[in-house]
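With this note's numbering applied, the sequence shown corresponds to residues -5 to 379, in that order.
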Amino acid sequence: MAIQIKTKGSSASPPNTRWRSVVVSTLLVLVVLGSLYSQTLILDEDPYRYVRASQKLHTNQAIFDPANGRDRPLILFAYAESENARDNLKFFLKRGLHAAADFIFIFNGETDASDLVPTSLANVKVVKRENTCYDIGAFGQVLAKDALWQRYKRFITLNASVRGPFLPVWSDECWSDAFFNKLSDKVKLVGLTYHCVPNPHVQSMLLATDRVGMEILLDPLYAGSVPLDTPPWGGAEIPVGYSVCYNNYAEAVGQLGLFIPRLREQVQCHLAAVSNNEACSKKHWTNVLFQVHGEIGMARLIRSQGYDVDVMLTSVHSYTPAEYCDKLGPLSDHLSPNNYFGSNVHPYEVIFAKANRGIDDELLGHLTDWHYQMNDTSWEKCGGR
-5 MAIQIKTKGS SASPPNTRWR SVVVSTLLVL VVLGSLYSQT LILDEDPYRY VRASQKLHTN
55 QAIFDPANGR DRPLILFAYA ESENARDNLK FFLKRGLHAA ADFIFIFNGE TDASDLVPTS
115 LANVKVVKRE NTCYDIGAFG QVLAKDALWQ RYKRFITLNA SVRGPFLPVW SDECWSDAFF
175 NKLSDKVKLV GLTYHCVPNP HVQSMLLATD RVGMEILLDP LYAGSVPLDT PPWGGAEIPV
235 GYSVCYNNYA EAVGQLGLFI PRLREQVQCH LAAVSNNEAC SKKHWTNVLF QVHGEIGMAR
295 LIRSQGYDVD VMLTSVHSYT PAEYCDKLGP LSDHLSPNNY FGSNVHPYEV IFAKANRGID
355 DELLGHLTDW HYQMNDTSWE KCGGR
(Lines of atoms letter the chains of each structure in order from A and count residues from 1; the text may use other names and numbers.)
(Lines give C-alpha, C1' and ligand atoms only; values in the text may rest on other atoms or scores of the structure.)
Protein backbone atom coordinates (compact mmCIF):
# COMPACT_ATOMS: atom_id res chain seq x y z
CA MET A 1 0.00 0.00 0.00
CA ALA A 2 1.44 3.33 -1.05
CA ILE A 3 1.91 5.90 1.70
CA GLN A 4 1.12 9.49 0.84
CA ILE A 5 3.11 12.02 2.87
CA LYS A 6 1.20 15.17 3.54
CA THR A 7 2.55 18.44 4.80
CA LYS A 8 0.57 21.10 6.53
CA GLY A 9 -1.33 23.24 4.08
CA SER A 10 -0.85 20.81 1.18
CA SER A 11 -2.78 17.96 -0.31
CA ALA A 12 -1.98 15.02 -2.59
CA SER A 13 -2.28 15.66 -6.34
CA PRO A 14 -5.40 14.22 -7.92
CA PRO A 15 -4.76 11.05 -10.02
CA ASN A 16 -5.59 12.74 -13.35
CA THR A 17 -3.08 15.55 -12.64
CA ARG A 18 -0.32 13.08 -11.81
CA TRP A 19 -0.91 11.13 -15.03
CA ARG A 20 -0.92 14.35 -17.05
CA SER A 21 2.48 15.30 -15.58
CA VAL A 22 3.90 11.87 -16.40
CA VAL A 23 2.68 12.05 -20.00
CA VAL A 24 4.05 15.57 -20.52
CA SER A 25 7.43 14.64 -19.02
CA THR A 26 7.62 11.54 -21.19
CA LEU A 27 6.83 13.52 -24.32
CA LEU A 28 9.48 16.11 -23.49
CA VAL A 29 12.10 13.38 -23.05
CA LEU A 30 11.10 11.80 -26.35
CA VAL A 31 11.31 15.16 -28.14
CA VAL A 32 14.82 15.83 -26.78
CA LEU A 33 16.03 12.33 -27.63
CA GLY A 34 14.43 12.56 -31.06
CA SER A 35 16.15 15.85 -31.71
CA LEU A 36 19.54 14.44 -30.76
CA TYR A 37 18.94 11.36 -32.87
CA SER A 38 17.82 13.48 -35.81
CA GLN A 39 20.97 15.61 -35.58
CA THR A 40 23.09 12.46 -35.50
CA LEU A 41 21.41 11.21 -38.67
CA ILE A 42 22.00 14.54 -40.41
CA LEU A 43 25.67 14.48 -39.53
CA ASP A 44 26.04 10.86 -40.66
CA GLU A 45 24.24 11.42 -43.94
CA ASP A 46 25.87 14.78 -44.60
CA PRO A 47 29.42 14.75 -43.18
CA TYR A 48 30.42 17.95 -45.02
CA ARG A 49 27.55 20.05 -43.66
CA TYR A 50 29.80 22.05 -41.38
CA VAL A 51 32.94 22.37 -43.51
CA ARG A 52 33.99 26.00 -43.14
CA ALA A 53 30.54 26.79 -41.75
CA SER A 54 31.75 30.15 -40.47
CA GLN A 55 32.40 31.41 -44.01
CA LYS A 56 29.36 32.96 -45.62
CA LEU A 57 28.48 32.98 -49.29
CA HIS A 58 27.37 36.38 -50.55
CA THR A 59 24.69 35.86 -53.17
CA ASN A 60 21.21 37.13 -53.77
CA GLN A 61 20.25 33.91 -55.50
CA ALA A 62 19.79 30.46 -54.04
CA ILE A 63 21.93 27.77 -55.61
CA PHE A 64 19.62 25.55 -57.61
CA ASP A 65 18.43 22.20 -56.35
CA PRO A 66 18.49 19.76 -59.29
CA ALA A 67 15.40 17.65 -59.83
CA ASN A 68 15.56 14.11 -58.49
CA GLY A 69 16.85 11.53 -60.91
CA ARG A 70 18.77 13.92 -63.18
CA ASP A 71 22.30 12.73 -63.91
CA ARG A 72 23.62 16.19 -64.72
CA PRO A 73 27.21 17.34 -64.22
CA LEU A 74 28.09 20.49 -62.28
CA ILE A 75 30.54 22.99 -63.79
CA LEU A 76 32.04 25.73 -61.61
CA PHE A 77 33.84 28.77 -63.08
CA ALA A 78 35.96 30.92 -60.71
CA TYR A 79 36.59 34.56 -61.58
CA ALA A 80 38.69 37.42 -60.18
CA GLU A 81 38.72 40.74 -62.02
CA SER A 82 41.31 41.40 -64.72
CA GLU A 83 41.14 42.38 -68.38
CA ASN A 84 42.27 38.93 -69.48
CA ALA A 85 39.83 37.18 -67.14
CA ARG A 86 36.94 39.24 -68.50
CA ASP A 87 37.82 38.32 -72.08
CA ASN A 88 37.98 34.65 -71.10
CA LEU A 89 34.64 34.83 -69.30
CA LYS A 90 32.96 36.40 -72.32
CA PHE A 91 34.36 33.67 -74.56
CA PHE A 92 33.18 30.91 -72.23
CA LEU A 93 29.69 32.38 -72.01
CA LYS A 94 29.56 32.48 -75.82
CA ARG A 95 31.14 29.10 -76.56
CA GLY A 96 31.00 26.99 -73.38
CA LEU A 97 27.50 27.25 -71.93
CA HIS A 98 25.05 24.46 -72.75
CA ALA A 99 21.88 22.85 -71.45
CA ALA A 100 23.36 19.47 -70.49
CA ALA A 101 24.97 20.68 -67.25
CA ASP A 102 24.42 23.06 -64.35
CA PHE A 103 26.78 26.04 -64.15
CA ILE A 104 27.84 28.12 -61.15
CA PHE A 105 29.94 31.24 -61.74
CA ILE A 106 31.91 32.24 -58.64
CA PHE A 107 32.92 35.91 -58.56
CA ASN A 108 35.70 36.60 -56.07
CA GLY A 109 36.08 40.20 -54.94
CA GLU A 110 34.80 43.45 -56.41
CA THR A 111 33.61 43.15 -60.01
CA ASP A 112 30.62 43.87 -62.19
CA ALA A 113 31.42 40.97 -64.52
CA SER A 114 28.59 39.01 -62.94
CA ASP A 115 26.23 41.21 -64.97
CA LEU A 116 27.46 39.39 -68.08
CA VAL A 117 26.15 36.01 -66.89
CA PRO A 118 22.68 35.03 -68.19
CA THR A 119 21.14 34.16 -64.83
CA SER A 120 17.71 34.03 -66.45
CA LEU A 121 18.67 30.52 -67.58
CA ALA A 122 17.45 27.86 -65.16
CA ASN A 123 20.77 25.99 -65.14
CA VAL A 124 23.01 29.04 -64.56
CA LYS A 125 23.65 30.62 -61.17
CA VAL A 126 26.01 33.22 -59.71
CA VAL A 127 27.80 33.24 -56.36
CA LYS A 128 29.48 36.44 -55.15
CA ARG A 129 32.04 36.20 -52.37
CA GLU A 130 35.08 37.88 -50.89
CA ASN A 131 38.33 37.15 -52.68
CA THR A 132 39.64 34.63 -50.16
CA CYS A 133 40.85 31.03 -50.21
CA TYR A 134 42.09 31.21 -53.81
CA ASP A 135 40.20 29.34 -56.54
CA ILE A 136 40.57 25.90 -54.98
CA GLY A 137 39.18 27.04 -51.64
CA ALA A 138 36.36 28.96 -53.35
CA PHE A 139 35.30 25.83 -55.21
CA GLY A 140 35.35 23.87 -51.97
CA GLN A 141 33.26 26.43 -50.13
CA VAL A 142 30.53 26.44 -52.77
CA LEU A 143 30.54 22.65 -53.15
CA ALA A 144 30.36 22.05 -49.40
CA LYS A 145 27.57 24.54 -48.71
CA ASP A 146 24.37 22.59 -48.01
CA ALA A 147 26.17 19.49 -49.35
CA LEU A 148 25.69 20.72 -52.92
CA TRP A 149 28.29 18.27 -54.24
CA GLN A 150 26.27 15.28 -53.08
CA ARG A 151 23.56 16.09 -55.64
CA TYR A 152 25.91 15.48 -58.58
CA LYS A 153 28.02 12.65 -59.97
CA ARG A 154 30.45 14.53 -62.23
CA PHE A 155 32.23 17.86 -61.82
CA ILE A 156 34.42 20.35 -63.68
CA THR A 157 36.17 23.25 -61.96
CA LEU A 158 37.93 25.89 -64.05
CA ASN A 159 39.17 29.42 -63.58
CA ALA A 160 39.29 32.54 -65.71
CA SER A 161 42.97 32.17 -66.62
CA VAL A 162 42.02 29.83 -69.49
CA ARG A 163 40.10 30.53 -72.68
CA GLY A 164 37.91 27.96 -74.34
CA PRO A 165 36.46 25.65 -75.34
CA PHE A 166 38.30 25.38 -78.67
CA LEU A 167 37.29 22.38 -80.77
CA PRO A 168 38.13 21.84 -84.45
CA VAL A 169 35.27 22.13 -86.92
CA TRP A 170 35.31 18.40 -87.68
CA SER A 171 34.55 17.53 -84.05
CA ASP A 172 30.95 17.18 -82.91
CA GLU A 173 31.90 16.28 -79.34
CA CYS A 174 30.55 18.24 -76.41
CA TRP A 175 33.55 19.85 -74.72
CA SER A 176 32.59 18.75 -71.20
CA ASP A 177 32.08 15.15 -72.37
CA ALA A 178 35.64 15.19 -73.70
CA PHE A 179 36.83 15.48 -70.10
CA PHE A 180 34.20 13.26 -68.48
CA ASN A 181 34.89 10.46 -70.98
CA LYS A 182 38.44 10.18 -69.66
CA LEU A 183 37.19 9.39 -66.15
CA SER A 184 36.96 5.69 -65.32
CA ASP A 185 37.02 3.20 -62.48
CA LYS A 186 40.75 3.88 -62.26
CA VAL A 187 41.10 7.55 -63.35
CA LYS A 188 39.49 10.01 -60.94
CA LEU A 189 41.11 13.33 -61.92
CA VAL A 190 41.48 14.78 -65.43
CA GLY A 191 43.15 18.04 -66.38
CA LEU A 192 44.57 19.94 -69.33
CA THR A 193 48.30 19.59 -68.86
CA TYR A 194 50.95 17.73 -66.95
CA HIS A 195 53.77 19.63 -65.26
CA CYS A 196 57.05 18.31 -63.92
CA VAL A 197 58.24 21.09 -61.60
CA PRO A 198 58.97 20.47 -58.84
CA ASN A 199 57.14 17.11 -58.85
CA PRO A 200 54.97 15.60 -61.61
CA HIS A 201 51.38 16.82 -61.27
CA VAL A 202 48.19 17.86 -63.06
CA GLN A 203 47.81 21.63 -63.38
CA SER A 204 44.66 22.95 -61.75
CA MET A 205 43.25 25.62 -64.08
CA LEU A 206 40.71 23.02 -65.20
CA LEU A 207 39.97 19.77 -63.42
CA ALA A 208 37.30 17.12 -63.96
CA THR A 209 36.35 14.43 -61.48
CA ASP A 210 33.45 12.22 -60.45
CA ARG A 211 31.67 11.52 -57.17
CA VAL A 212 34.49 9.28 -55.89
CA GLY A 213 37.17 11.81 -56.74
CA MET A 214 35.22 14.71 -55.28
CA GLU A 215 34.67 12.86 -52.03
CA ILE A 216 38.44 12.42 -51.74
CA LEU A 217 39.22 16.03 -52.67
CA LEU A 218 36.53 17.62 -50.50
CA ASP A 219 36.77 15.52 -47.35
CA PRO A 220 38.83 17.39 -44.71
CA LEU A 221 39.75 14.04 -43.17
CA TYR A 222 41.63 13.14 -46.36
CA ALA A 223 43.16 16.61 -46.72
CA GLY A 224 45.96 15.92 -44.26
CA SER A 225 46.48 12.28 -45.13
CA VAL A 226 48.89 12.61 -48.07
CA PRO A 227 52.26 11.10 -47.14
CA LEU A 228 55.05 13.62 -46.75
CA ASP A 229 58.04 13.58 -49.06
CA THR A 230 60.59 16.11 -50.29
CA PRO A 231 59.27 18.62 -51.02
CA PRO A 232 56.26 18.02 -48.77
CA TRP A 233 53.06 18.46 -50.76
CA GLY A 234 50.55 17.33 -48.18
CA GLY A 235 50.40 15.94 -44.68
CA ALA A 236 48.62 16.92 -41.50
CA GLU A 237 50.47 20.25 -41.23
CA ILE A 238 50.00 21.17 -44.90
CA PRO A 239 46.55 19.90 -45.98
CA VAL A 240 45.47 19.83 -49.61
CA GLY A 241 42.25 19.50 -51.60
CA TYR A 242 39.06 21.53 -51.91
CA SER A 243 38.49 21.66 -48.14
CA VAL A 244 41.53 23.89 -47.57
CA CYS A 245 41.33 27.67 -47.25
CA TYR A 246 44.21 30.13 -46.89
CA ASN A 247 42.68 33.55 -46.31
CA ASN A 248 45.79 35.62 -46.95
CA TYR A 249 49.49 35.59 -47.70
CA ALA A 250 50.33 35.46 -44.00
CA GLU A 251 48.53 32.17 -43.59
CA ALA A 252 50.15 30.82 -46.73
CA VAL A 253 53.59 31.86 -45.47
CA GLY A 254 52.82 30.26 -42.12
CA GLN A 255 52.25 26.95 -43.86
CA LEU A 256 54.82 27.14 -46.66
CA GLY A 257 57.43 29.64 -45.54
CA LEU A 258 59.60 26.91 -44.05
CA PHE A 259 60.07 25.33 -47.46
CA ILE A 260 60.52 28.42 -49.65
CA PRO A 261 64.36 28.48 -49.59
CA ARG A 262 64.61 24.79 -50.49
CA LEU A 263 61.99 25.02 -53.25
CA ARG A 264 63.49 28.13 -54.79
CA GLU A 265 66.64 26.12 -55.43
CA GLN A 266 64.63 23.40 -57.18
CA VAL A 267 61.97 25.39 -59.03
CA GLN A 268 63.79 28.67 -59.82
CA CYS A 269 62.20 31.69 -61.50
CA HIS A 270 61.27 30.04 -64.79
CA LEU A 271 57.62 31.01 -65.36
CA ALA A 272 56.89 33.01 -68.50
CA ALA A 273 55.42 35.81 -66.42
CA VAL A 274 58.68 36.19 -64.53
CA SER A 275 60.79 38.75 -66.35
CA ASN A 276 62.32 40.88 -63.59
CA ASN A 277 63.77 40.59 -60.12
CA GLU A 278 60.62 41.95 -58.46
CA ALA A 279 58.73 38.90 -59.74
CA CYS A 280 61.11 36.75 -57.71
CA SER A 281 60.21 38.46 -54.47
CA LYS A 282 59.13 36.52 -51.40
CA LYS A 283 55.52 37.58 -51.93
CA HIS A 284 55.58 36.32 -55.51
CA TRP A 285 57.07 33.02 -54.43
CA THR A 286 54.55 32.62 -51.62
CA ASN A 287 51.77 32.98 -54.18
CA VAL A 288 53.39 30.67 -56.74
CA LEU A 289 54.25 28.03 -54.17
CA PHE A 290 50.75 28.02 -52.72
CA GLN A 291 49.28 27.39 -56.16
CA VAL A 292 51.88 24.73 -56.93
CA HIS A 293 51.28 23.22 -53.50
CA GLY A 294 47.56 22.94 -54.22
CA GLU A 295 48.09 21.48 -57.68
CA ILE A 296 50.63 18.87 -56.68
CA GLY A 297 48.78 18.01 -53.51
CA MET A 298 45.48 17.30 -55.28
CA ALA A 299 47.04 14.81 -57.70
CA ARG A 300 48.93 13.16 -54.85
CA LEU A 301 45.73 13.02 -52.82
CA ILE A 302 43.94 11.11 -55.59
CA ARG A 303 46.90 8.77 -56.03
CA SER A 304 47.20 8.17 -52.31
CA GLN A 305 43.77 6.51 -52.42
CA GLY A 306 44.78 4.10 -55.18
CA TYR A 307 43.48 6.02 -58.20
CA ASP A 308 45.20 7.67 -61.15
CA VAL A 309 45.11 10.98 -63.05
CA ASP A 310 45.06 11.87 -66.76
CA VAL A 311 45.43 14.94 -68.99
CA MET A 312 44.58 16.11 -72.49
CA LEU A 313 48.18 16.94 -73.45
CA THR A 314 49.24 14.60 -76.27
CA SER A 315 52.93 14.27 -75.50
CA VAL A 316 52.34 12.88 -72.00
CA HIS A 317 50.74 9.74 -73.43
CA SER A 318 53.91 8.74 -75.27
CA TYR A 319 55.96 8.31 -72.10
CA THR A 320 55.76 7.24 -68.51
CA PRO A 321 55.62 10.24 -66.12
CA ALA A 322 59.29 9.81 -65.26
CA GLU A 323 60.32 9.50 -68.92
CA TYR A 324 58.22 12.50 -69.88
CA CYS A 325 59.74 14.78 -67.28
CA ASP A 326 63.22 13.59 -68.18
CA LYS A 327 62.55 14.27 -71.86
CA LEU A 328 61.02 17.69 -71.27
CA GLY A 329 63.75 18.80 -68.90
CA PRO A 330 63.65 19.45 -65.15
CA LEU A 331 62.98 23.19 -65.37
CA SER A 332 60.86 23.38 -68.52
CA ASP A 333 57.39 24.88 -68.27
CA HIS A 334 55.48 23.85 -71.39
CA LEU A 335 52.92 26.60 -70.72
CA SER A 336 55.38 29.29 -71.70
CA PRO A 337 56.30 30.56 -75.19
CA ASN A 338 58.17 28.07 -77.41
CA ASN A 339 58.83 25.74 -74.48
CA TYR A 340 56.76 22.74 -75.53
CA PHE A 341 59.48 20.69 -77.22
CA GLY A 342 60.48 23.83 -79.12
CA SER A 343 56.92 24.81 -80.03
CA ASN A 344 53.69 25.83 -78.28
CA VAL A 345 50.73 23.90 -76.90
CA HIS A 346 47.93 24.32 -79.43
CA PRO A 347 44.46 25.17 -78.07
CA TYR A 348 42.93 22.28 -80.04
CA GLU A 349 45.22 19.89 -78.17
CA VAL A 350 43.93 20.79 -74.72
CA ILE A 351 40.54 22.46 -75.55
CA PHE A 352 41.22 25.33 -73.12
CA ALA A 353 44.25 27.58 -73.69
CA LYS A 354 46.22 29.25 -70.92
CA ALA A 355 45.53 32.82 -71.99
CA ASN A 356 47.67 34.86 -69.58
CA ARG A 357 51.13 33.55 -70.46
CA GLY A 358 51.83 35.16 -73.83
CA ILE A 359 51.75 31.78 -75.59
CA ASP A 360 51.37 32.58 -79.30
CA ASP A 361 49.01 35.48 -78.71
CA GLU A 362 48.56 35.98 -82.46
CA LEU A 363 47.20 32.45 -82.96
CA LEU A 364 45.03 32.70 -79.86
CA GLY A 365 43.62 35.99 -81.11
CA HIS A 366 42.76 34.51 -84.51
CA LEU A 367 41.13 31.43 -82.99
CA THR A 368 39.16 33.63 -80.61
CA ASP A 369 37.81 35.74 -83.48
CA TRP A 370 37.04 32.74 -85.69
CA HIS A 371 35.21 30.81 -82.98
CA TYR A 372 33.27 33.89 -81.91
CA GLN A 373 31.86 34.14 -85.43
CA MET A 374 30.91 30.46 -85.80
CA ASN A 375 27.24 29.61 -85.74
CA ASP A 376 27.58 26.23 -84.02
CA THR A 377 27.91 26.41 -80.23
CA SER A 378 27.89 24.05 -77.27
CA TRP A 379 24.11 24.42 -77.10
CA GLU A 380 23.88 22.32 -80.27
CA LYS A 381 26.79 19.96 -79.63
CA CYS A 382 25.93 19.13 -76.03
CA GLY A 383 22.16 18.97 -76.39
CA GLY A 384 19.87 19.10 -73.37
CA ARG A 385 20.39 15.76 -71.68
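Every residue gets a Cβ at the ideal spot worked out from N, C-alpha and C, and that includes glycine.
Note that the structure is predicted; figures quoted are calculated from it, not measured.
With a cutoff of 8 Å on beta-carbon distance, Leu70 and Thr126 are scored as not near each other. For Leu152, the enclosing beta strand (DSSP E) has its first and last residue at Arg148 to Asn153.
Residue pairing of Asp96 in beta bridges, as defined by DSSP: Leu68. Ranked by Cα distance from Val310, the options Gln299, Glu343 and Leu212 are led by Glu343. Within 10 angstroms of the beta-carbon of Tyr73 lie 16 or more other beta-carbons, which makes it buried. Each residue's CA atom was taken as its position, placing Leu211 and Ser114 some 31 Å apart.
If you check the CB distance, Met199 and Val156 come in under 8 Å. Counting along the chain, Leu201 sits inside the beta strand (DSSP E) bounded by residues Leu200 to Asp204. Arg157 has Ala347 as its beta-bridge partners, per DSSP. The continuous beta strand (DSSP E) containing Lys182 extends over residues Val181 to Gly185. Using a Cβ distance threshold of 8 Å, Phe160 and Leu361 count as a contacting pair.
Counting only residues of its own chain and dropping the five nearest sequence neighbours on each side, Leu307 has a CB closer than 8 Å to the CB of Leu186, Thr187, Tyr188, His328, Val339, Glu343 and Val344. The count of Cβ pairs closer than 8 Å, one atom from the stretch 96 to 106 and one from the stretch 360 to 374, stays below three, leaving the stretches out of contact.
For Asp129, the uninterrupted alpha helix (DSSP H) segment begins and ends at Tyr128 to Ala138. Phe173 has no beta-bridge partner at all, per DSSP. In the DSSP assignment, Arg145 falls outside any alpha helix (DSSP H) and carries neither an H nor an E.
With respect to the C-alpha of Gly103, the residue from Leu110, Lys119 and Ser76 having the closest C-alpha is Ser76.
A direct Cα-to-Cα measurement between Ser237 and Val196 gives close to 18 Å.
If you ignore the 5 residues before and after Asp304, its C-beta comes within less than 6 Å of the C-beta of Lys176, Val181 and Val184, all in its own chain and listed in chain order. Collapsing the DSSP output to three states places Tyr216 in a helix. Apart from the 5 residues on each side of it in sequence, Ala93 sits with its Cβ closer than 6 Å to the Cβ of Gly378 in its chain, given in chain order.
A distance below 8 Å separates the beta carbons of Leu68 and Tyr146. Measuring C-alpha to C-alpha distances from Leu137 to each of Asp213, Asn78, Ile353 and Val234 identifies Asp213 as the nearest. Counting along the chain, the unbroken beta strand (DSSP E) around Asp304 starts and ends at Asp302 to Val305.
Ranking Arg66, Leu87, Ile353 and Gln144 by CA distance to the CA of Ser372 puts Leu87 first. For the pair Arg66 and Asn117, the Cα-to-Cα distance works out to about 10 Å. Going by DSSP, Thr362 is part of the alpha helix (DSSP H) stretching over Asp355 to Gln367. By the criterion of a C-beta distance shorter than 7 Å, Asn153 is surrounded in its chain by Ala72, Asp129 and Met199, once the five residues flanking it on both sides are discounted.
For Glu167, the CB contacts under 8 Å within the same chain, skipping 5 residues up- and downstream, are Leu161 and Lys375 in chain order.
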